[in-house]
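Protein chains in written order, with my numbering: chain A, 1 to 738; chain B, 739 to 1476.
Taking it in order: structure first as structure tokens, then the write-up.
2 protein chains.
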Amino acid sequence: MEAIKEASQIPGVTTPPSLFAANLDVEFVITFRYANAGADAQTGDSTTPEEQLEKLLHTLDLAGLRTVVRDGGNGILMVFTRIRSENKLFGEVYRSRVRDWLHGIRPAAPETETQRSLEKEPLTDGERLRLVYSLITLPNSEGGAGITPKQGEWSLVESIFALHDRDFNKKWLKDWSTKWMIGPADLKIMRDRFGEKIAFYFAFIQWYFVSLAVPAAIGLFAYLFLPAYSMVFAICNCLWSVIFVEYWKRQEIDLAVQWGVRHCSTVQRKRAEFQFETEATDPVTGEKLRYFPAYKRLTRQLIQVPFALFAATCLAIIIAGVFSIEIFLVEVYNGPLKVILKFLPSVLLSISIPIVSTVLTDFATRLTQFENYENQDSYEAALTQKIFVLNFITGYFPLFLTAFVYVPFGEVLVPYLDILNVTVQHFGHDEKYTTSDTGFQIDPSRLKAQMIYLVVTAQVVDFVVETIVPQVKRMVFRKAKEFGNRRKGLNTEAVMDPPEEKEFLDRVRYEADLEVYDVTVDLREMCMQFGYLTLFSPIWPITALSFMVNNLVEIRGDAAKICMEMQRPIPNRSDSIGPWLHNLSFLTWLGSISSAALVYIFSSAEEGAPPKDLTLYGLLFSVMLSEHVYFGARFFVSYALSKVQSVGLETERKEKFMVRKRYIEESFGMENELIQQEDEKTGGEYTGVGVVPDKGGRPLKGGDLSEKFWRSQGGWRDGVNTGVQIMDIVRGKSKKTQ
Amino acid sequence: MEAIKEASQIPGVTTPPSLFAANLDVEFVITFRYANAGADAQTGDSTTPEEQLEKLLHTLDLAGLRTVVRDGGNGILMVFTRIRSENKLFGEVYRSRVRDWLHGIRPAAPETETQRSLEKEPLTDGERLRLVYSLITLPNSEGGAGITPKQGEWSLVESIFALHDRDFNKKWLKDWSTKWMIGPADLKIMRDRFGEKIAFYFAFIQWYFVSLAVPAAIGLFAYLFLPAYSMVFAICNCLWSVIFVEYWKRQEIDLAVQWGVRHCSTVQRKRAEFQFETEATDPVTGEKLRYFPAYKRLTRQLIQVPFALFAATCLAIIIAGVFSIEIFLVEVYNGPLKVILKFLPSVLLSISIPIVSTVLTDFATRLTQFENYENQDSYEAALTQKIFVLNFITGYFPLFLTAFVYVPFGEVLVPYLDILNVTVQHFGHDEKYTTSDTGFQIDPSRLKAQMIYLVVTAQVVDFVVETIVPQVKRMVFRKAKEFGNRRKGLNTEAVMDPPEEKEFLDRVRYEADLEVYDVTVDLREMCMQFGYLTLFSPIWPITALSFMVNNLVEIRGDAAKICMEMQRPIPNRSDSIGPWLHNLSFLTWLGSISSAALVYIFSSAEEGAPPKDLTLYGLLFSVMLSEHVYFGARFFVSYALSKVQSVGLETERKEKFMVRKRYIEESFGMENELIQQEDEKTGGEYTGVGVVPDKGGRPLKGGDLSEKFWRSQGGWRDGVNTGVQIMDIVRGKSKKTQ
């Protein structure tokens, strides 16, 4: 631990931390795929690999980066880069900090002298990598080299990635695996290495993990002592979810201030893929503006609605279909092969859902690209929203189906499943194979069983899949590539590495094959998990407890995944968990509805029996009541939290105050000077009687009358005398004056 | 019109506009009441009037103001003030602009040279008065004289007010009374004179007036061609209200940017009445901090809940009671004096509601004071919220009662009113005086009649009352004061004005007696009107049309009121209509519920007959559906509007960009200098082969291996060559290298 702290606190650049040393001072590796160049007709780029390589190295050189080229195997070249000189780096750091100040991300401008500025705020690994990365990828207009992998003129550039710091990773994983709580100091280290975006995910999951203690405790109590579908538990659970989300919003602000990234989402990263319709130069700013009409994008966004409906229908039909088959097989069918056929639905679902999901996700991505966003953030937010809708359906629809269709309406609907039976009969089977429709009874334990499956089994399976699949995938891909290259007659083994670099280059080649870490995938997972908790935990109150156990492992597993199975992430900045925050709020809202409905429908029933005596207005009324209580609670919680002092906002306020104070003092100085000038003209402070008041003072525009009026009382003492006289006269103590 | 434009566009301070001329260059008049000083024991201040007057004039003098004292009649002195010198004023202007810049209200810092800064942005009357006012009233710690009327050491200071500019007012009223539309130029003139807060009210009412054209047209169509309680009309009306509110939010931003007041609400005005519990000096900022614990305020705020319930119950009982009496008298009672007794309820209501309202408003004010807000804005917002609740009940409860209690349940409930009858019988009357309960039928036209009364008659009555009552009140108060003074033996007629000032001083005395204009009263009126429209307009679709006519007069009436019946308002800044915006949103939401319920209950009924076949789940379902459609629509409208370019935000963005550009150019300059220094050391751009790359460049920390690695390729051309060789080898074109 101490070692890690030390490494991350070494004061800045003049003695850069050792982590780059182990990587031969390499900052980024750019992989350049020359092998498929000829075959790759889709780019429409007629340059040869040699020309593009030359252009790449020249561009990097112009941007101030040094390069070394090595063989990457499998038909790629690896271009190792590092920034040419310290001064270049300092300049970038300074400019970036000034830009932050101008965008309101920093409260105070950086010290004008670079060296001092860096000593005061040393450069972290994260900041350095971020700056060099933006130097490579930003468009030329914003001072970067404009290299965008696989886009346009850079069709052969495959990826840009940083190298892992193995020593740090090892220490880090060991540290985290031996302690229970991830504290602010740990998050700070994460942030310094991997950037704020990833650090925010870990801060979130840690806060979520800690917060889960409350519903876990309540849930355990409810499980042991309260009746099933207890209203008390549902209310507590809802209330907790509201407080959790609202408090997280506060924490986000505090963290953002502490990490100096608040408002950084206002600085938009332009998307390279953005297609503009008209280009114009702004007459005021001289800035090149690329317009894409807002109404057009809005029209395109409207396609989301039919898409969401279509996707929902697709997935719902599949799920409901499989569900029907399952009910039929388990509860109606009684014919041959029942033992084997029982597994048919699970197999069907496991095959069909991932395929359909992949197709739909792909379509969602295309749709989002078609929506043509100007900025990376809006693009990501729009894609996230669509993915969330898909996940929402695949994740929650089965439970909704069981809870709100199968159980209440099962006795009415299931007999219709005999249509399957009729079909079966059609093929010559006879009626004895089905339980007759007179005897059918719904199975109320199905809901709980399904919930436990989704909450426990599915989580474990997911975790395993997440850990193993990428490795298998990587191996397969590698073999496939090697095979492909051999087939193309490429002599991939021919290039020899310099022997002393062999180990290093092998490591880099290994890392080049790793996948790119996408933090939104992990955030989505947590968000979905939170959804089970808010929407369905009355079904199985110890849901929260099981999630707590799961997340204890999950945090560490994710850390290990980043270190070992993924390329080192580019340290992006962020001041929030982004669009997921809205989704969390949305889930708390839906939770208020779903919990009320669950409690209303099921709490009246005996355990193990279908519910009785339900009325539609009773259901509507409980849902409405719950929803409005939820709105009230959310309003109250967010109001109350807004009144409690926030550490982050307080810090920000103070920093702003200091800036203000300094400036106001300066402007005060100026004003005093002005008054002094005036005093020199009028001869000191004006108090005496009879002195002509307006010489050098404010000119009177009201003419003679005005002059006479203002001269009638020479100074403030004169005024007091007049006033006292008037008072005396009115009170009858003396006779009139003036 | 031309004349007004000219007056407001005279470039600034060096030649101040003529309006102050007619007022003898007086900026503010401070009234000082010496007559009641002895009797006024509640202040606990033992200073004599003479001492306090001396202190007042001395303080003003120190703050840089000139003063002249004149008799105000009726036991008050009038202290005329103006700023001592132009330089003092310039200093204030400059400091205020710098402060604005630091708070993010201005995008760019003002020109450092004051004179140039003022030439570029001339001082408006509004800005001048605002600055001088803050010079008089701000606490000493913030650079003002700290004079707070009627508070603490200034117990005898009664009011601080500016003098009307009669010429401008005359031209302004004439101009507005002869044209239909109030345009942006007119609002700009308003803003320059009366400040942004009042200008925002006029901008709002004008936008509201124009927008009303839509529901007025739809309403007229519905009135003529659609059945009563048409769902189509209700939906259109709701949708319009959503768009209206969301679009206004946008307009607020545009106006705030245009007027240079955006974010000005973040600059908090401290409340003089704030009671702190602990005082500490901030270790970082050195600022004096006065704490009042947030949890304590939150606890105090919770008193609002019982208060609101109590107030609602009080008002509801009165209204429901009177309502019952009315129903009884009109529809059940048939005895003697019916003709006269029929008016009893109206009389009861007209007397009781204002009295109870006044008591409750007074209590709400005390409660808000007790909540002990630190800033003026939070205080006003909290008070506004309470007043809104009271107004909500008195304004809308009668209609809710008729629509949702009397009509649906009337036949069940009204017979119980016979309890009154029983009471009457008790006093010896006999049964023939009541229609027997068998024959009772509710009167469904009552709802529409009540709506028309509230929407037309009440608006007209309010307008007349608003115009006449203050004048009567003023006369009565003046007489009462004169009588009181005479009774105390004050010789108010004894002081003689200088003859040439007589006319002027009489005018000032007249204005001193006028009331202070409170823009929130007018905003409240509009907000309540908007409420009738969103909540109840299905009852009488041409409501919007009648409001349009009313508001055409209202705008001009309010302008006249400000000019003639009120003291000249202090030009306060504001970047919004403040808490009323939330209330408007709230009303649109409630409108979605109320409209759905109205349409569900009444649309099935024949005109003039009570509704039949209503079910509770039908009602709940329509309300829920409507509410959720409303949420969806609001989300969509606000999203769509956020994507349409806003003029204001665009302007702000451009201004910020210009500032950024200038600064970045400066920092670029610095960076280029650094690189030049470096280039001098390394001997120009590094491209050659064999030159030791790291002399003066970035030092390598990876040791020998690293150095060898980076030296292995001298410059970027070397890299290209290596790359091409590797490609050739792999493709089998040549033999291996390295």
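Virtual Cβ for every residue (Gly too), placed ideally from N, Cα, C.
Per-residue burial, residue 1183(B) [other beta carbons within 10 Å of its own, 16 or more giving buried] | Taking the first residue of the second sequence as 1, we reach residue 1183(B) at position 445. Flag for residue 1183(B) reads exposed.
Contact set between the region 337-367 of chain A and chain B, restricted to residues whose Cβ is under 8 angstroms from the partner | none
Host alpha helix (DSSP H) of residue 830(B) (start-end) = Within the second sequence, residue 830(B) is the residue found at index 92, counting from 1. Residue 830(B) -> alpha helix (DSSP H) spans 824-840.
Whose Cβ in chain A lies nearer than 9 angstroms to the Cβ of residue 1008(B)?
-> Your numbering for residue 1008(B) matches position 270 in the second sequence. Residues of chain A passing the Cβ test: none, with the nearest at roughly 14 angstroms.
Span of the alpha helix (DSSP H), counted from its first residue to its last, around residue 544(A) = Numbered from its first residue, the first sequence carries residue 544(A) at position 544. 543-564 is the extent of the alpha helix (DSSP H) around residue 544(A).
Exposure of residue 1047(B), with buried meaning 16 or more beta-carbon neighbours within 10 Å = Sequence index remark: in the second sequence, residue 1047(B) carries index 309 (1-based). The residue is exposed, with fewer than 16 neighbouring Cβ atoms inside 10 Å.
Hey, how far is the Cα of residue 708(A) from the Cα of residue 796(B)?
-> Here residue 708(A) is taken as the residue at index 708 of the first sequence, counted from 1. Here residue 796(B) is taken as the residue at index 58 of the second sequence, counted from 1. Distance between the alpha carbons of residue 708(A) and residue 796(B) is about 22 angstroms.
Buried or exposed (CB count within 10 angstroms, at least 16 for buried), residue 876(B) | Residue 876(B) sits at position 138 when you count from the first residue of the second sequence. Classification for residue 876(B): buried.
Helix, strand or coil at residue 1017(B) according to DSSP, with G and I counted as helix = Looking up residue 1017(B) in the second sequence gives position 279. Strand, per DSSP.
Just confirm the distance between the C-beta atoms of residue 1330(B) and residue 974(B), as a whole number of angstroms; I'd bet it's less than 8 angstroms.
-> Along the second sequence, read from residue 1 onward, the residue named residue 1330(B) stands at position 592. Along the second sequence, read from residue 1 onward, the residue named residue 974(B) stands at position 236. Residue 1330(B) to residue 974(B), Cβ: 13 angstroms. No contact.
With distances taken Cα to Cα, identify the nearest neighbour of residue 246(A) among 581(A), 278(A) and 601(A).
-> Working through the first sequence from its first residue, we reach residue 246(A) at position 246. If we check each option's Cα against that of residue 246(A), 581(A) comes out closest.
Check the Cβ-Cβ distances between residue 712(A) and every residue of chain B, and say whether any is below 8 angstroms.
-> Residue 712(A) sits at position 712 when you count from the first residue of the first sequence. Residue 712(A) counts as touching chain B.
For the region 896-967 of chain B, which segments carrying the beta strand (DSSP E) assignment without a break, of at least 3 residues, lie completely within its bounds, in sequence order?
-> none
Starting from the C-beta of residue 562(A), find all residues in its chain whose C-beta is less than 6 angstroms away, skip the five residues before and the five after it, and write them out in chain order.
-> In the first sequence, counting from the first residue as 1, residue 562(A) sits at position 562. Only 517 meet the Cβ criterion.
Counting contacts by CB-CB distance shorter than 8 angstroms, is residue 706(A) in contact with chain B?
-> On the first sequence, residue 706(A) is found 706 positions in, with the first residue counted as 1. Taking Cβ atoms only, chain B reaches closer than 8 angstroms to residue 706(A), which makes this a yes.
Can you give the Cα-Cα distance for residue 1388(B) and residue 997(B), rounded to whole angstroms?
-> Counting from one through the second sequence, the residue named residue 1388(B) turns up at place 650. Counting from one through the second sequence, the residue named residue 997(B) turns up at place 259. The straight-line gap from Cα to Cα measures roughly 14 angstroms.
Below 8 angstroms, can you find three or more Cβ-Cβ pairs linking the region 307-327 of chain A to the region 349-359 of chain A?
-> yes
Own chain, CB closer than 6 angstroms to residue 597(A), minus 5 neighbours either side, in chain order | For the purposes of this step, residue 597(A) is taken as residue 597 along the first sequence, with counting starting at 1. Cβ neighbours of residue 597(A) beyond the five flanking positions: 623.
Simplified DSSP state of residue 764(B), which is helix, strand or coil = Along the second sequence, read from residue 1 onward, the residue named residue 764(B) stands at position 26. Residue 764(B): coil per DSSP, three-state reduction.
With contact counted as at least three CB pairs below 8 angstroms, one residue from each stretch, are the region 1360-1376 of chain B and the region 276-283 of chain A in contact?
-> no
For residue 803(B), the first and last residue of its enclosing beta strand (DSSP E) = As a working mapping, residue 803(B) is identified with position 65 in the second sequence. Looking at the DSSP string, the run of the beta strand (DSSP E) that includes residue 803(B) is 803-811.
Quick one: residues in its chain with C-beta nearer than 7 angstroms to the C-beta of residue 821(B), no 5 flanking neighbours on either side, listed in chain order?
-> Counting from 1 along the second sequence, the entry for residue 821(B) is found at position 83. Hits under 7 angstroms: 765, 802, 803, 827 and 870.
Since I believe residue 577(A) is in contact with residue 244(A) (beta carbons under 8 angstroms), could you give me their beta-carbon distance rounded to a whole number of angstroms?
-> Translated into positions along the first sequence, residue 244(A) becomes position 244. Translated into positions along the first sequence, residue 577(A) becomes position 577. So it is not a contact: roughly 13 angstroms between Cβ atoms.
Residue 816(B) by DSSP, collapsed to three states: which one?
-> Here residue 816(B) refers to the residue found at position 78 when the second sequence is read from its first residue. Looking at residue 816(B) - three-state DSSP - the assignment turns out to be strand.
Indicate the three-state DSSP secondary structure (helix, strand or coil) for residue 340(A) in the structure shown.
-> Counting from 1 along the first sequence, the entry for residue 340(A) is found at position 340. Residue 340(A) falls in the helix class under three-state DSSP.
Residue 871(B), enclosing alpha helix (DSSP H) - first and last residue = Mapped onto the second sequence, residue 871(B) falls at position 133. 863-875 is the span of the alpha helix (DSSP H), which, as asked, contains residue 871(B).
Evaluate residue 551(A) with the Cβ neighbour count: other Cβ atoms within 10 Å of its Cβ, from every protein chain shown; 16 or more gives buried, anything less gives exposed.
-> Walking along the first sequence from the start, residue 551(A) turns up at place 551. Its Cβ being crowded by 16 or more others within 10 Å, residue 551(A) is buried.
Residue 93(A) and residue 123(A) look like a contact to me (Cβ under 8 angstroms); what is the Cβ gap, rounded to whole Å?
-> Stepping through the first sequence from its first residue, residue 93(A) is reached at position 93. Stepping through the first sequence from its first residue, residue 123(A) is reached at position 123. Their Cβ separation, rounded to whole angstroms, is 6 angstroms, which keeps residue 93(A) and residue 123(A) in contact under 8 angstroms.
Close Cβ partners of residue 145(A) (< 8 angstroms) along its chain, the five nearest in sequence each way excluded = Translated into the one-based positions of the first sequence, residue 145(A) becomes position 145. Here the set comprises 59, 60, 62, 63, 65, 135, 136, 137 and 138.
Whole-angstrom C-beta distance between residue 273(A) and residue 151(A), which should lie under 8 angstroms = Looking up residue 151(A) in the first sequence gives position 151. Looking up residue 273(A) in the first sequence gives position 273. About 7 angstroms separates the two Cβ atoms, so the contact holds.
Nearest residue (CA-CA) to residue 214(A), options 546(A), 271(A) and 74(A) | Reading the first sequence from its first residue, position 214 is the one you call residue 214(A). Minimum Cα distance to residue 214(A) is reached at 546(A).
Return the residues of the region 625-643 of chain A that lie within a Cβ-Cβ distance of less than 7 angstroms from chain B, sorted by chain order.
-> 640 and 643
Interface residues of chain B facing residue 282(A) [CB-CB closer than 9 angstroms] = Residue 282(A) sits at position 282 when you count from the first residue of the first sequence. Chain B residues near residue 282(A): 1392 and 1395.
At a CB-CB cut-off below 8 angstroms, which residues of chain A make contact with residue 1454(B)?
-> Sequence index remark: in the second sequence, residue 1454(B) carries index 716 (1-based). In chain order: 57, 58, 60, 61 and 67.
DSSP on residue 1445(B), reduced to helix/strand/coil?
-> In the second sequence, the residue the question calls residue 1445(B) occupies position 707. Of the three classes helix, strand and coil, the one that applies to residue 1445(B) here is helix, per DSSP.
The region 75-94 of chain A: positions lying closer than 9 angstroms to chain B by Cβ | 75, 77, 79, 80, 82, 83, 84, 85, 86, 87, 88, 89, 90, 91, 92 and 94
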